[in-house]
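Asks: Protein sequences, first through last, are from chains P and C. Under this note's numbering, residues 1 to 229 are what the first sequence spells out, in order. Under this note's numbering, residues 230 to 614 are what the second sequence spells out, in order. C-beta atoms are modelled at their ideal positions from N, C-alpha and C, and glycine is treated no differently.
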Amino acid sequence: MSEILARLDGVSRVYQKGKERVEVLHELNVEIPKGDFIAIMGPSGSGKTTLLNLLGGLDKPTAGTVTVGGAELSSMSNSQLSAWRSTHVGFIFQFYNLLPVLTAHRNVELPLLLTSFSAKERARRAAIALDIVGLADRAKHYPRELSGGQEQRVAIARAIVSDPSLLLCDEPTGDLDRVTADEILRLLQVLNREHGKTIVMVTHDAVAAEFANRTLHCDKGTLEAKEAA
Amino acid sequence: MKYFRLIWKNAWRKKIRTSLTILSVFVAFLLFALLSAIGYAFRGGVDVADAQRLIVIHKVSLINPLPMSYLNRIASVEGVQSVTYASWFGGFYQEPRNQFGQFPVDPQAYVDMYPEFNIPDEQLEAFKRNRTGAIVGQELATTYGWQVGDRIPIQATIWTKADGGRTWEFDLEGIFSSDDPRGSTALLLFQHDYFEETRAFAKGTVGWYILRVASGADPIQVANAIDLQFANSPNETKTSTEAAFAQSFMKQYGNIALIVTMILGAVFFTLLLVSGNTMSQSVRERISELAVLKTLGFSDLSVLGIVLSESILIMLMGGLLGLGLGWVLIQGIAQQMAAFLPGVFLSTTAIAGAVAMMLAAGVLAGIFPALKAMRLSIIDALARA
């Protein structure tokens, strides 16, 4: 049996919208093995992004526990979660979310500012990350000078630069054309297979989900496993 | 320091807006430097006052003269180490705008009373020997290009000569400097004896007395003893410390400190509104970027620090530039104004105060946007993006 990286035990997440109580996740139990590549699909409002936020320590469950890499996130303070995120998890967003005032290299270097690495070591690691995503020659370019696919590659480089074990991707190809999307998905496969990254990817795209090892369907706060085609 | 690039790049996100904000800070601190230096000149006499020197003036006002006969009576008061006198001449050189202090004095006694004034012995001796001799401070000599040996005509506005003339001519016998760089040397000193025999009226009087309190004596007790001695006489006295005398003299021009404070208060209040608005806009525009920073692991305090540092950086850029240009301008102004407003000087206290104000203004302008950034909910901000 493979080692479990992340586990959700009886997790519920309830939001209060005015007087209305909205339960987005209901007593969810999920285990994510180390080195897995999971796609999560489901309709809008089904709780996919909430699940991702809980795994990334951006949100806390109303009930239940979230454990990632042996750390119980639900009991951590905000500052502890910040420190944990900086080393254990990488985030990839639909709209890349690069800082427009920084070059690709400086964007990738950002998470390393939170470490004690020297400037030289930070530069070396950022260069390696850019090389892995095939953008070593775009290091000095600003986000506005890059295509969407290139921006997403820079975002992926930023996500892996501190060598986290878990990558959380929220619609990583949602803003890209099919060809570029497939390139990004193949890159995620490489990171999963060759670099051992555990990846959880939220997507609406069935084609994108095919790049994962397995797909979970999220609906009405519950998850249902379905083997990838 | 590793966040500096991020802070710098964010500060210059909107170049025109940042430049205009820096310009407003620049103008505010330029004004601060100039007003501080001028304010310093106005209270300069107070700052360099010697606590052991007392000034005796007529109780009614400085304008009323005191009898020369008081010299020995003051000297005999217990606790008085030495005493001398001076009078206000109030003339001008060539044009009415060229006004500066001209005092008829007892050369040796006056120089002894002000040991901070340095003059070569041979020049002092020449001054003492020549009844129409005079010595001037270095500031005046520089301003008017005077050299020892020059003949200096001074037009009297008060003291007409016995022959009806108003032009008093002096032979420049020496140039003195001051040990204290803050002390004014925009003075012309000439012989009281010449003044006494040549003036048309008020003979046998002086403007004020200056005395040095003996070591160990209490200046306040000495002052009270002097005033008591002349109480109920036609010429009652008012004795005060040199600092108090300088302050009351400066009050003739109004409360300069209050005026300067009010102007600067208005300027800095406006500055806070301008820079606070800049920082608020800047944070509003990048809510999603700040959320991304937090997602990457930047703590709430780091985000607070980054936004505050940006605000302080803008203040320091504008402020130091303003202070720097102010310092350069003050050098020129001090030269130009040396004769009629000596002691225009940007003190280290003013510089330190300005830097402290830059830091405080940076914090005040940035604190609310920074708190907003710190309290930002990552999920809400990313959802809005």
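Decide if P:Ala229 is buried, meaning its Cβ has at least 16 other Cβ atoms within 10 Å, or exposed.
Replies: Interpretation of P:Ala229 is limited by its pLDDT of 41, a score under 50 that renders its predicted location unreliable; the figure taken from the coordinates is listed afterwards. That one is exposed.
Asks: For P:Lys60, which residues from the same chain have a beta carbon less than 7 Å from its beta carbon, with the 5 sequence-adjacent residues on both sides left out?
Replies: Within the same chain, P:Lys60 has close Cβ partners Ser74.
Asks: List the whole-angstrom C-beta distance separating C:Gly526 from P:Arg124, where the pair is believed to meet the contact cut-off of C-beta under 8 Å.
Replies: Actually they are not in contact, since the Cβ atoms of C:Gly526 and P:Arg124 sit about 20 Å apart, beyond 8 Å.
Asks: Taking buried to mean at least 16 other C-beta atoms within 10 Å of its own C-beta, is C:Thr499 buried or exposed?
Replies: With fewer than 16 Cβ atoms within 10 Å of its Cβ, C:Thr499 is classed as exposed.
Asks: Less than 8 Å between CB atoms is the rule here; does P:Val101 satisfy it with respect to chain C?
Replies: Output row for P:Val101: interface = yes.
Asks: Figure out for me which residue from C:Leu600, C:Asn239, C:Ser253 and C:Ser265 has the closest Cα to the Cα of C:Met491.
Replies: Nearest of C:Leu600, C:Asn239, C:Ser253 and C:Ser265 to C:Met491, Cα basis: C:Ser265.
Asks: Between the C-alpha atoms of C:Ala257 and C:Glu539, what's the straight-line distance to the nearest angstrom?
Replies: So the two alpha carbons sit approximately 19 Å from each other.
Asks: Quick one: is P:Ile160 near chain C, going by C-beta distance under 8 Å?
Replies: Closer than 8 Å: no.
Asks: With distances taken between CB atoms, is the gap from P:Thr180 to P:Gly148 smaller than 8 Å?
Replies: In contact: P:Thr180 and P:Gly148 (Cβ atoms closer than 8 Å).
Asks: Measure from the C-beta of P:Leu73 to each C-beta in chain C and report whether the shortest distance is under 8 Å.
Replies: With 8 Å as the cut-off, P:Leu73 does not count as an interface residue toward chain C.
Asks: Hey, C:Arg428 and C:Asp400: beta-carbon distance below 8 Å or not?
Replies: No; because the gap between Cβ atoms is not below 8 Å, this pair is not in contact.
Asks: Specify, as a first and last residue, the run of the beta strand (DSSP E) that P:Ile160 falls within.
Replies: Counting along the chain, P:Ile160 falls outside any beta strand (DSSP E), though it belongs to the alpha helix (DSSP H) covering Gly148 to Ile160.
Asks: To which residues does DSSP link P:Met41 through a beta bridge?
Replies: Answer is P:His217.
Asks: So which residues on chain P does C:Thr250 lean against when the C-beta distance must stay under 9 Å?
Replies: Near C:Thr250 there are no residues of chain P at all, since even the closest Cβ is about 17 Å away, more than 9 Å.
Asks: Does DSSP put C:Ser305 in a helix, in a strand, or in coil?
Replies: The answer is coil: DSSP assigns C:Ser305 none of H, G, I, E or B.
Asks: Using a Cβ-Cβ distance under 8 Å, would P:Ser86 count as near chain C?
Replies: So yes, P:Ser86 belongs to the interface.
Asks: With a CB to CB cut of under 7 Å and the five nearest residues on each side skipped, what residues in its chain are close to P:Glu227?
Replies: Caution applies to P:Glu227, whose pLDDT of 49 falls short of 50 and renders its modelled position unreliable; the model cannot decide the point.
Asks: Quick one: using the 10 Å Cβ neighbour count with 16 as the cut-off for buried, is C:Tyr269 buried or exposed?
Replies: Result: buried.
Asks: Can the beta-carbon of P:Ile92 be found less than 8 Å from the beta-carbon of P:Leu216?
Replies: No, the Cβ-Cβ distance between P:Ile92 and P:Leu216 is not below 8 Å.
Asks: So with Cβ pairs under 8 Å, would you call P:Arg21 a contact of chain C?
Replies: Taking Cβ atoms only, chain C never reaches closer than 8 Å to P:Arg21, which makes this a no.
Asks: Given this structure, state the Cα-to-Cα distance separating C:Ile267 from C:Ala385, to the nearest angstrom.
Replies: Those two C-alpha atoms are separated by around 27 Å.
Asks: Using only alpha-carbon positions, find the residue among C:Gly551, C:Val377, C:Ser290 and C:Thr470 that is nearest to C:Phe356.
Replies: Measuring from the Cα of C:Phe356, the nearest candidate turns out to be C:Val377.
Asks: Assuming P:Thr173 contacts P:Leu185 (C-beta within less than 8 Å), just tell me the rounded distance between them.
Replies: The pair is a contact, with the Cβ atoms about 6 Å apart (cut-off 8 Å).
Asks: Give me the subset of the region 529-541 of chain C whose CB atoms are less than 9 Å from a CB atom of chain P, sorted by chain position.
Replies: The region 529-541 of chain C vs chain P, Cβ under 9 Å: Asp529, Leu530 and Ser531.
Asks: At a Cβ threshold of 8 Å, is P:Phe37 touching chain C?
Replies: It does not; no Cβ of chain C falls within 8 Å.
Asks: Nearest-angstrom Cα distance between C:Asn347 and C:Asp408?
Replies: Looking at the two C-alpha atoms, the distance is approximately 7 Å.
Asks: For P:Leu55 versus P:Val200, is the C-beta distance shorter than 8 Å?
Replies: Yes. Within cutoff.
Asks: Can you check whether the C-beta of P:Pro111 is within less than 8 Å of a C-beta belonging to chain C?
Replies: Cβ-Cβ to chain C under 8 Å: yes for P:Pro111.
Asks: Using the Cα positions of C:Gln450 and C:Asp341, report the straight-line distance between them to the nearest angstrom.
Replies: One C-alpha to the other measures close to 23 Å.
Asks: Which runs of the alpha helix (DSSP H), 4 residues or longer, sit entirely within the region 103-152 of chain P?
Replies: List check, alpha helix (DSSP H) in window: 104-109 and 119-132.
Asks: Taking C:Phe424 as part of the beta strand (DSSP E), name the residues at either end of that continuous run.
Replies: Taken as a continuous stretch (DSSP letters only), C:Phe424 belongs to no beta strand (DSSP E), being part of the alpha helix (DSSP H) at His421 to Thr427.
Asks: Just the C-alpha distance for C:Thr247 and C:Trp241, rounded to the nearest angstrom, thanks.
Replies: C:Thr247 and C:Trp241: Cα-Cα distance of roughly 6 Å.
Asks: Can you pull the chain C neighbours of P:Ala83, defined as C-beta to C-beta under 8 Å?
Replies: Near P:Ala83 (Cβ distances below 8 Å), the residues of chain C are Gly526 and Ser528.
Asks: What span of residues does the alpha helix (DSSP H) with C:Thr372 cover, start to end?
Replies: Looking at the DSSP string, the run of the alpha helix (DSSP H) that includes C:Thr372 is Gln367 to Tyr373.
Asks: Do you know how far the Cα of C:Ser253 is from the Cα of C:Ala594?
Replies: Answer to the nearest angstrom: the Cα atoms are 13 Å apart.
Asks: Determine the direct distance from the alpha carbon of C:Leu522 to that of P:Asp9, and round the result to whole angstroms.
Replies: Using only the alpha carbons, I get a separation of about 29 Å.
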